[in-house]
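Structure record follows, encoded as structure tokens.
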Amino acid sequence: MLRYQWEDAARFWNSKKGEDCERVGTSSRQKQKFTHTAGSRSFACVAQAAEALSGQKVGRLQLFDITHRKKDGTPMTSEAAEIMKKLKDKKAEYEATASTDSSVNFEDIDNRIINEVLGPESQSQAEVQRLNDQIVQIQASTDEQISQLREEAAAREAEAVAKEAKQNRKYNELQLQLQSMMTMFQQFQNPPS
0 MLRYQWEDAA RFWNSKKGED CERVGTSSRQ KQKFTHTAGS RSFACVAQAA
50 EALSGQKVGR LQLFDITHRK KDGTPMTSEA AEIMKKLKDK KAEYEATAST
100 DSSVNFEDID NRIINEVLGP ESQSQAEVQR LNDQIVQIQA STDEQISQLR
150 EEAAAREAEA VAKEAKQNRK YNELQLQLQS MMTMFQQFQN PPS
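So for the sequence shown, numbering that gives the first Met the number 0 puts the first residue at 0; every next one is plus one.
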């Protein structure tokens, strides 16, 4: 770090805004229930990366599993291992119930299980998840609108080509009629002798 950067950083951390940031970070760390592997990335970023990698939507159960396992696949802590076991047991229990009861919503199962084992998610987590869902929905509707507009443009283009061809045929027919009228007129002008 260069000297002027160090001075700027020290000035920031000694300012009111810097102290507020520090206080927020400290309280956030204290609220953290257990260690995870997300590092400084938000769970939303981790979920988005996992979705991009697998091509499938990542639920809260999968996200918990991803963020609480080491690189070698073992759970971060014994507490995380216990929770993962509880989550698996609850999921098996819900899936058994869902196989006999068709009214159970599979997408809602993950949220129920997480809420039962870990408690309800915080307002900010719910907001981030809602925003992610909205983004996906908007992208899907935008893609759908784009394809619909392309289809409409292709249909209009085909219609314009067909109309132009029809006008060309009509023009050629009129040209032929005009030529035949001109030859008839010339024949009237120059009667055979």
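Even glycine gets a Cβ: it sits at the ideal position worked out from N, Cα and C.
request  = Tell me where the alpha helix (DSSP H) around Thr-96 begins and ends.
outcome  = 77-99
task = Determine the DSSP secondary structure at Arg-68, reduced to helix, strand or coil.
result = strand
ask   = Considering only C-alpha positions, which residue in the set Ile-82, Ile-65 and Glu-143 is nearest to Arg-40?
value = Ile-65
message = Rounding to the nearest angstrom, what Cα-Cα distance links Ala-79 and Leu-86 in this structure?
response = 10 Å
Proximity of Val-45 and Ala-37 at Cβ, strictly below 8 Å = Between Val-45 and Ala-37, the C-beta gap is smaller than 8 Å, which places the two residues in contact.
key: Nearest candidate by alpha-carbon position, reference Lys-84, set Leu-60, Asn-13 and Met-180   = Leu-60
query = Alpha carbon to alpha carbon, how far is Gln-174 from Glu-156?
reply = 27 Å
ask   = How many Å lie between Ala-95 and Thr-141 at the Cα?
value = Per the coordinates, the alpha-carbon of Ala-95 lies some 38 Å from the alpha-carbon of Thr-141.
message = Taking 8 Å as the threshold (C-beta atoms), are Asp-132 and Gly-58 in contact?
response = no
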